[in-house]
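Worksheet for the structure shown next.
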Amino acid sequence: MKIGFIGLGIMGKPMVKNLLKAGHELIVYDIAEENMKDVVEAGAVAAKNNKDVAEQSEVVITMVPNSPHVKEAILGENGVLEGAKEGLIIIDMSSIAPLASQEVEAACAKQGVKMIDAPVSGGEPGAINGTLSIMVGGDKDVFEQVKEDVLLKMGGSAVHCGDIGAGNTTKLANQIIVAVNIAAVAEAFTLAKKAGVDPELVFQAIRGGLAGSQVMEDKAPMMLKGNFAPGFRIDLHIKDLNNAIETGHGFGSALPLTAQLMEMMQTLRADGFGQEDHSSLARIYEKITGTSIAD
Ligand code: NAD
199 MKIGFIGLGI MGKPMVKNLL KAGHELIVYD IAEENMKDVV EAGAVAAKNN
249 KDVAEQSEVV ITMVPNSPHV KEAILGENGV LEGAKEGLII IDMSSIAPLA
299 SQEVEAACAK QGVKMIDAPV SGGEPGAING TLSIMVGGDK DVFEQVKEDV
349 LLKMGGSAVH CGDIGAGNTT KLANQIIVAV NIAAVAEAFT LAKKAGVDPE
399 LVFQAIRGGL AGSQVMEDKA PMMLKGNFAP GFRIDLHIKD LNNAIETGHG
449 FGSALPLTAQ LMEMMQTLRA DGFGQEDHSS LARIYEKITG TSIAD
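Our numbering applies: residue 199 is where the sequence shown begins, and numbers increase by one.
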């Protein structure tokens, strides 16, 4: 299949490589030209712009940071819609606001172009290993058309969650659970350290019990070493929590824990740690208590 891929950052590059391995033809574009080099060497063809990608593709995937970038890539000047033939399928895999997915899909539908939202969880390792968890919103028939040959070549699972935007609503739920869970681990380990119990031993003692989680497995070792290299950056998590708060308020849902986490992450950004992994939430507890989990 001829697949266009737009946005070749941390996630996009390995996803393209997995689609190439599956035997697809890839036409790629990124506004940062140097980001195309790696995947072109792996066999993808570089396009001139997003319109050019659409002109050559049956399916176009977007993997860019946030709602304005998706709007620019699809609806903007020299964007996907300018080059799209009727029947083109767009799969937006970026994590964006569900309302933005609905707006972009409505504009696409006017031109006979189909769009689904399909954000992912699993991070860079999941993108490299082709084991991403993919959460999908939109027309179920379109989802079925691309599930086996496209989505499951990049992911270990792809679940249809509802109408357009439902994939991103699911992703927001995911991001709330991850943020609160990281903070809970950091708070608990700091208490243990203050009370004179080695946090490494706390981790070993509780990881198999009810408090254990994938977040604890992935992030506790980072906190114990004081290694906050990304991974998933604080700046991107702030973007997701912002989308969660806006969406929640729009539907009359209060998010007190999310609001608290937002302020903690904003503090980290103000202190210059926006580019660090979200496990650097441990720094907040260091700031409050004067005790580092890692020392
Ligand atoms: P990134 O910043 O590394 O890459 C995004 C790329 O999009 C950049 O190369 C940028 O130049 C390009 N881009 C932006 N606007 C564009 C446009 N109009 N046209 C063409 N290219 C454009 O981000 P990432 O980490 O790869 O994340 C992408 C999305 O996936 C985000 O929504 C993020 O929240 C989500 N996500 C990331 C992770 C992770 O661990 N990094 C995990 C799950 C989901």
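Ideal placement from N, C-alpha and C gives every residue a C-beta, glycine not left out.
All values derive from a computational prediction rather than experimental measurement.
Quiz item: So is the beta-carbon of Asp228 under 7 Å away from any non-hydrogen atom of ligand 1?
Solution: yes
Quiz prompt | Per-residue DSSP class, three states only, for Phe426 | solution = coil
Quiz prompt | At least three beta-carbon pairs within less than 8 Å, the region 410–418 to the region 304–312 | solution = no
Practice problem: Excluding the 5 residues preceding and the 5 following Val376 in the sequence, name in chain order all residues of the same chain whose CB lies nearer than 7 Å to its CB. | Solution: Val413
Quiz item: DSSP on Ser411, reduced to helix/strand/coil?
Solution: coil
Quiz item: Is Leu455 helix, strand or coil when you go by DSSP?
Solution: helix
Quiz item: Straight-line CA distance for Ala242 to Asp396?
Solution: 49 Å
Exercise. Give me the Cβ distance between Lys423 and Leu217, rounded to the nearest whole Å; I'm assuming they're in contact under 8 Å.
Key: About 34 Å; that fails the 8 Å criterion.
Exercise. To the nearest angstrom, report how far apart Asn366 and Asp339 are at their CA atoms.
Key: 19 Å
Quiz item: Does the beta carbon of Ala409 fall short of 7 Å from some heavy atom of ligand 1?
Solution: no
Self-check item: Euclidean distance between Cα positions of Met463 and Val334
Solution: 27 Å
Exercise. Indicate whether Lys312 and Ile287 have their beta-carbon atoms separated by less than 8 Å.
Key: yes
Quiz item: Is the region 449–456 in contact with the region 424–437, if contact means three or more CB pairs nearer than 8 Å?
Solution: no
Quiz item: For Met421 versus Ser355, is the C-beta spacing smaller than 8 Å?
Solution: no
Quiz item: For Arg405, does the three-state DSSP call read helix, strand or coil?
Solution: coil
Quiz prompt | Cβ distance (whole Å) where Gly310 is taken to contact Glu284 below 8 Å | solution = 4 Å
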